[in-house]
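Shown next, in structure tokens, is the structure this report addresses.
Right under this line is the structure:
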């Protein structure tokens with residue numbers, strides 16, 4: 285139904301039913317209670333633009349959540365783990381390995397704890413790479429976020445260090461061999477290697493090495509990570525989220541205070557969004573950890589350990605494979621990786637210096653399609669890491685001849701260069717053609733040669749949120765979400781005993797489903813709350829407009 289006034293039709297919001305009215309009053313009461321007790325809406329967190337409520341903008345938050353879960357599961361593992369190479373019985377197995385086996389086989393839910401810690405480490409490193417490459421592609425390292433980029437790059441290196449030091453702790457034949465190869469690479473670095481190697485190796489015994497790795501993994505690197513993470517988040521709060529990648533060289537890099545007043549507050553808009561994806565992360569992690577139980581390889585020094593190749597975890601396979609290249613010594617491999625790390629760390633300043641040296645090379649745009657050199661560099665690095673990782677997993681420890689790796693890597697560079705060059709030239713042609721027919725600043729269309737090099741920014745209109753009642757069209761979603769929450773909860777409460785691998789695995793799967801269901805409930809709450817807020821803030825037509 286609609287009302288008319290002066291020939292203008294005004295939509296009338298639907299009348300709320302008693303259940304919906306009770307729901308809305310309860311929700312308002314809850315928000316008012318939280319605000320009166322905590323003043324949470326005044327906490328010093330920046331509001332965020334509506335376009336940023338997309339998972340791709342929150343990859344850094346995913347990394348932070350994953351790291352906090354790693355700290356939690358790691359602290360719980362400390363109750364059972366013993367970092368000792370000695371054995372209780374003569375000729376027995378080392379305590380580091382047997383305590384890990386005890387966690388998997390005997391400790392209550394120990395296998396779930398260890399599996400969650402292992403797969404959580406994989407997830408954090410993977411998400412850190414995703415966060416890094418997204419920033420590389422979209423140019424978030426540009427002014428004024430250079431320091432934030434450098435801190436984020438150091439955080440990525442520290443997370444890789446966490447993975448390297450934690451790989452030795454189960455003290456398996458595979459992990460000890462891979463650590464020895466990694467330490468040999470470190471020792472081959474000129475000047476730095478001879479100084480850092482004794483600090484890591486300790487007194488030269490396996491116990492000294494394990495103790496140093498344990499201290500690095502549990503204390504030193506986590507403290508450095510938490511400190512830099514705090515500074516990184518503080519810089520994020522200072523600058524705000526990076527605007528969308530743009531072809532406009534004059535586009536804003538930082539949202540101003542006037543922009544912030546137009547945006548949603550941190551609580552509850554950002555809080556609910558992060559809570560929802562946090563539950564999704566926990567649910568997926570528990571689901572994978574419960575479905576794929578961790579397996580412990582043979583202990584180092586065990587009679588039947590065999591001649592296993594010293595293969596690291598997947599995130600270091602690319603580096604180990606580079607060391608397998610013919611004529612590439614460990615020193616050369618580490619120096620090449622060091623140069624790559626320096627390039628990534630200082631790319632904001634490198635790009636600035638290159639832009640000052642040549643105006644033709646200065647590119648203030650942030651969209652990848654306007655930065656073909658950076659697009660090629662990032663794509664080649666990504667494909668290089670992927671190729672080396674697969675190569676290292678398929679052919680570990682096998683020497684690769686010069687002709688083979690030059691042809692592979694050279695072909696990869698040529699193909700990607702040709703594809704990106706073709707797409708960039710095609711984009712420039714269509715770009716100038718659109719400029720030729722588009723009116724710029726009220727002028728008549730110009731020829732392609734006389735057209736300016738940039739398009740004026742065009743405001744993108746987002747579809748308006750629906751003004752329908754909460755229960756209209758959402759009942760099925762509510763019922764499914766409640767079932768996903770209550771059914772596994774009832775199963776957990778009905779369990780007579782949690783002893784036994786089967787019962788513990790069922791508990792882990794049920795907990796994962798509950799976490800995903802909680803994410804669904806937060807999604808319903810978020811959708812309901814901000815649909816109503818959007819409808820409430822729609823300005824009604826004034827009499828002047830009607831006339």
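Residue numbers (my numbering): 285 to 831. All C-beta atoms, glycine included, are put in the ideal place defined by N, C-alpha and C. These figures come from a predicted structure and were not determined experimentally.
Residues bridged to residue i (per DSSP)
i: residue 485; result: The partner list for residue 485 (beta bridge, DSSP) is empty, contrary to what the question assumes.
i: residue 684; result: 609
i: residue 456; result: 583
Residue i and residue j closer than 7 Å at C-beta
i: residue 367; j: residue 498; result: yes
i: residue 570; j: residue 796; result: yes
i: residue 519; j: residue 432; result: yes
i: residue 605; j: residue 672; result: yes
i: residue 531; j: residue 654; result: yes
i: residue 470; j: residue 477; result: yes
i: residue 437; j: residue 629; result: yes
i: residue 526; j: residue 539; result: no
i: residue 349; j: residue 565; result: yes
i: residue 689; j: residue 609; result: yes
i: residue 794; j: residue 567; result: no
i: residue 397; j: residue 806; result: no
i: residue 377; j: residue 607; result: no
i: residue 522; j: residue 331; result: no
i: residue 347; j: residue 440; result: no
i: residue 505; j: residue 445; result: yes
i: residue 385; j: residue 624; result: no
i: residue 422; j: residue 650; result: yes
Inter-residue spacing [alpha-carbon to alpha-carbon] between residue i and residue j
i: residue 513; j: residue 587; result: 44 Å
i: residue 618; j: residue 707; result: 35 Å
i: residue 278; j: residue 790; result: Because the chain is modelled from 285 through 831, residue 278 falls outside the range shown and cannot be assessed.
i: residue 507; j: residue 517; result: 15 Å
i: residue 801; j: residue 809; result: 12 Å
i: residue 320; j: residue 491; result: 55 Å
i: residue 648; j: residue 534; result: 8 Å
i: residue 633; j: residue 338; result: 29 Å
i: residue 457; j: residue 466; result: 14 Å
i: residue 739; j: residue 420; result: Caution applies to residue 739, whose pLDDT of 42 falls short of 50 and renders its modelled position unreliable; the value that the coordinates give is listed next. Whole-angstrom Cα-Cα distance: 23 Å.
i: residue 485; j: residue 373; result: 26 Å
i: residue 561; j: residue 643; result: 43 Å
i: residue 611; j: residue 387; result: 44 Å
i: residue 231; j: residue 627; result: Residue 231 cannot be examined here, being either before or after the span of the chain that is shown, 285 to 831.
i: residue 788; j: residue 578; result: 14 Å
i: residue 684; j: residue 464; result: 21 Å
i: residue 639; j: residue 658; result: 13 Å
i: residue 509; j: residue 494; result: 21 Å
i: residue 705; j: residue 691; result: 21 Å
i: residue 415; j: residue 676; result: 24 Å
i: residue 552; j: residue 365; result: 40 Å
i: residue 694; j: residue 687; result: 10 Å
i: residue 603; j: residue 621; result: 8 Å
i: residue 336; j: residue 417; result: 18 Å
i: residue 379; j: residue 413; result: 34 Å
i: residue 435; j: residue 309; result: 45 Å
i: residue 296; j: residue 709; result: Caution is warranted here: a pLDDT of 49 is assigned to residue 296, below 50, making its placement in the model unreliable, and the coordinate value is therefore given only provisionally. Cα-Cα distance, rounded: 52 Å.
i: residue 537; j: residue 358; result: 38 Å
Residue environment, residue i, which counts as buried when at least 16 other CB atoms sit within 10 Å
i: residue 334; result: exposed
i: residue 443; result: buried
i: residue 404; result: buried
i: residue 399; result: buried
i: residue 575; result: exposed
i: residue 479; result: exposed
i: residue 459; result: buried
i: residue 679; result: exposed
i: residue 635; result: buried
i: residue 363; result: exposed
i: residue 812; result: buried
i: residue 681; result: exposed
i: residue 662; result: buried
i: residue 314; result: exposed
i: residue 573; result: buried
i: residue 488; result: exposed
Residue i Cβ short of 6 Å to the ligand HEM heavy atom set
i: residue 623; result: The ligand HEM is not part of the structure shown, which contains no ligands of any sort.
Minimum Cβ-Cβ distance from residue i to chain D less than 7 Å
i: residue 351; result: Reference to chain D is not applicable here, since this structure consists of a single protein chain.
Stretch-stretch touch, CB-based, cutoff 8 Å, three pairs: the stretch 422-430 with the stretch 352-367: no
Any 3 or more C-beta pairs closer than 8 Å across the stretch 665-674 and the stretch 691-704: yes
The stretch 495-511 / the stretch 435-455 touching (three or more Cβ pairs under 8 Å): yes
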